[in-house]
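Okay, structure first, notes after.
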DNA sequence: CGACCATTTGATATGGATCAAGCGATGTGG
DNA sequence: CCACATCGCTTGATCCATATCAAATGGTCG
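Residue numbers (our numbering), protein chains in the order written: chain A, 1 to 235; chain B, 1001 to 1235.
If you want it as structure tokens, here you go:
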């Protein structure tokens, strides 16, 4: 039962800081521009991380809150037996690094080159003391995160087909407007997210393709052809 | 892969209300008596539920927050294929029913006859607007819940032995001071909690007994003989 | 005692892991 | 521009942990 996933060494070019007091044109993230959004833009620093570089490590003090601006991020944990469990994928607009203990429970890495808005937790809390709006937003955010993890929990007791189908539907809902999903992450990432092996993920995709539920023009691009078939698999 | 657990019909005697404006001697729950504790005692109603009766149902509006006073409670969800996934077990002092959507994600039932302190969410929120202390406590509570679910998530990708061992350690840490664990829940409950079958849970316990890691004097009573062996199994 | 229910134990089946090889893209050096 | 190494992905063969099916055991309550 050991080693589903060997620890993969991570060559890590260094990340770049580019602080800025003035808010930049902050890209595709402006949906609602809530209190949190504003605070982060005002008080945050923009950081650039290159593919596979570490953003923070498990057990490091959790001093910051992070928001993906461009690119994508994974959080993960290495289990004692060497397997890696991915906690979540974060796409532009998503917030990660939300912690309640003093230290991070997960590590975080850039999946692709990524720009991330970083704000000091302390500063944020200080603001939140003044702004009930901001406080409420942080609360809501936590609630969403809780819900997300609960859903993951339910996923992990289902069959491989169900897990993969759910994953595709989730990614489609989050990222793309259309039925085409552009996956930033590798098969290994998906496997570690779903608690499967890379072989099983691959086989399952092939199988779904056989059913005409999906198309896989390139390994990183997947087109949903039959959403209802996928949802049916899914709980 | 269908039917790990058939839906078990739940004969349900009715539950009893006994409101009281004045706080009663509220049993073994007084650890810290935080703002939340006080508010619940002041504004809450004490409800009695008999074994297996429903406290709230999935998709019902989430109007209340609940705190176990005596007895024990499970939250669960019936999956589309008929299996039941248990979200959590709640023992005296534990709070459940924490929701962020308007409706409950899980159902809740009394495992044993139980007394539960119930408070209106609206009333609580109103209080929280005045009391930063209370607000913070609710926030922390959510954080703990998040952590708990994350841990469960990690559990669900491990082997049967690891899951059962973790479960026993968790129950020992929460409930009893000593190494003897009194389980309020059935094997089926445990199985649905861990994402295993009742047979696997039973066999695993027998196996752990064989290793002298535990003793099982009666099916509902388990004595931890070798905690470190259990932790070693555990991630 | 007898019916019922929860639990354990046994025999067999199976989904997904593991081991192993093949295959296409991408990149590198000659 | 092409051989060649590398990497990520797919495909195939086999194994194993856990599910499933079935029966025995034991505890509880009328």
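Glycine is no exception: its CB is placed at the ideal position from the N, C-alpha and C atoms.
Would you kindly work out how many angstroms separate the C-alpha atoms of residue i and residue j, rounded to a whole number?
i, j, result
"residue 1172 of chain B", "residue 1139 of chain B", "26 Å"
"residue 1144 of chain B", "residue 212 of chain A", "43 Å"
"residue 1163 of chain B", "residue 43 of chain A", "43 Å"
"residue 1028 of chain B", "residue 1092 of chain B", "Caution applies to residue 1028 of chain B, whose pLDDT of 44 falls short of 50 and renders its modelled position unreliable; the model cannot decide the point."
"residue 126 of chain A", "residue 132 of chain A", "11 Å"
"residue 151 of chain A", "residue 1087 of chain B", "11 Å"
"residue 148 of chain A", "residue 1215 of chain B", "37 Å"
"residue 1137 of chain B", "residue 52 of chain A", "37 Å"
"residue 184 of chain A", "residue 1176 of chain B", "47 Å"
"residue 1208 of chain B", "residue 1188 of chain B", "18 Å"
"residue 200 of chain A", "residue 80 of chain A", "22 Å"
"residue 217 of chain A", "residue 76 of chain A", "28 Å"
"residue 1146 of chain B", "residue 1101 of chain B", "15 Å"
"residue 1046 of chain B", "residue 135 of chain A", "31 Å"
"residue 111 of chain A", "residue 50 of chain A", "8 Å"
"residue 1068 of chain B", "residue 186 of chain A", "44 Å"
"residue 1060 of chain B", "residue 190 of chain A", "34 Å"
"residue 1089 of chain B", "residue 1057 of chain B", "16 Å"
"residue 154 of chain A", "residue 181 of chain A", "23 Å"
"residue 128 of chain A", "residue 210 of chain A", "52 Å"
"residue 1085 of chain B", "residue 1192 of chain B", "5 Å"
"residue 36 of chain A", "residue 233 of chain A", "37 Å"
"residue 115 of chain A", "residue 1166 of chain B", "38 Å"
"residue 1095 of chain B", "residue 1169 of chain B", "20 Å"
"residue 224 of chain A", "residue 70 of chain A", "24 Å"
"residue 48 of chain A", "residue 1124 of chain B", "42 Å"
"residue 142 of chain A", "residue 1174 of chain B", "24 Å"
"residue 1034 of chain B", "residue 1055 of chain B", "25 Å"
"residue 1226 of chain B", "residue 221 of chain A", "50 Å"
"residue 1202 of chain B", "residue 203 of chain A", "33 Å"
"residue 1156 of chain B", "residue 1113 of chain B", "29 Å"
"residue 78 of chain A", "residue 1078 of chain B", "31 Å"
Could you check if residue i is buried or exposed, using at least 16 other CB atoms within 10 Å of its CB as the buried criterion?
i, result
"residue 219 of chain A", "exposed"
"residue 1024 of chain B", "Note that residue 1024 of chain B scores a pLDDT of 44, beneath 50, so its modelled location is shaky and nothing firm can be said."
"residue 83 of chain A", "buried"
"residue 1178 of chain B", "exposed"
"residue 74 of chain A", "buried"
"residue 97 of chain A", "buried"
"residue 1206 of chain B", "exposed"
"residue 228 of chain A", "exposed"
"residue 1130 of chain B", "exposed"
"residue 99 of chain A", "buried"
"residue 1072 of chain B", "buried"
"residue 231 of chain A", "exposed"
Name, going along the chain, the residues of the region 1101 to 1126 of chain B whose beta-carbon falls closer than 9 Å to a beta-carbon of chain A. 1101, 1105 and 1106
Selection of the region 125 to 148 of chain A by Cβ proximity to chain B, strictly under 8 Å: Of all residues in the region 125 to 148 of chain A, 129, 132, 135, 138, 139, 140, 142, 143, 144, 145, 146 and 147 have a Cβ within less than 8 Å of some Cβ in chain B.
Closer than 8 Å is the cut-off here; do at least three beta carbon pairs connect the region 150 to 166 of chain A with the region 186 to 201 of chain A? yes
Does the region 1099 to 1107 of chain B come within contact of the region 53 to 66 of chain A, defined as at least 3 CB pairs closer than 8 Å? no
Does the pairing of the region 1034 to 1054 of chain B with the region 1116 to 1123 of chain B give three or more beta-carbon distances under 8 Å? yes
Could you list the residues in the region 1191 to 1223 of chain B with a C-beta less than 8 Å from some C-beta on chain A, going in chain order? 1195
Using Cβ-Cβ distances below 7 Å, what residues of the region 1148 to 1166 of chain B are close to chain A? 1149, 1150, 1152, 1153, 1154, 1156, 1157 and 1159
Can you list, in chain order, the residues of the region 1070 to 1094 of chain B whose Cβ is nearer than 9 Å to any Cβ on chain A? 1077, 1079, 1080, 1081, 1083, 1085 and 1087
Quick one: complete alpha helix (DSSP H) runs, 4+ long, within the region 165 to 233 of chain A? 187 to 194, 198 to 210 and 227 to 233
Secondary structure, beta strand (DSSP E): runs of 3+ residues fully inside the region 31 to 102 of chain A: Runs of the beta strand (DSSP E) inside the region 31 to 102 of chain A: 45 to 49, 54 to 56, 64 to 70, 73 to 78 and 84 to 90.
Quick one: which unbroken alpha helix (DSSP H) runs of 4-plus residues sit fully inside the region 1120 to 1144 of chain B? Chain order, please. 1121 to 1130
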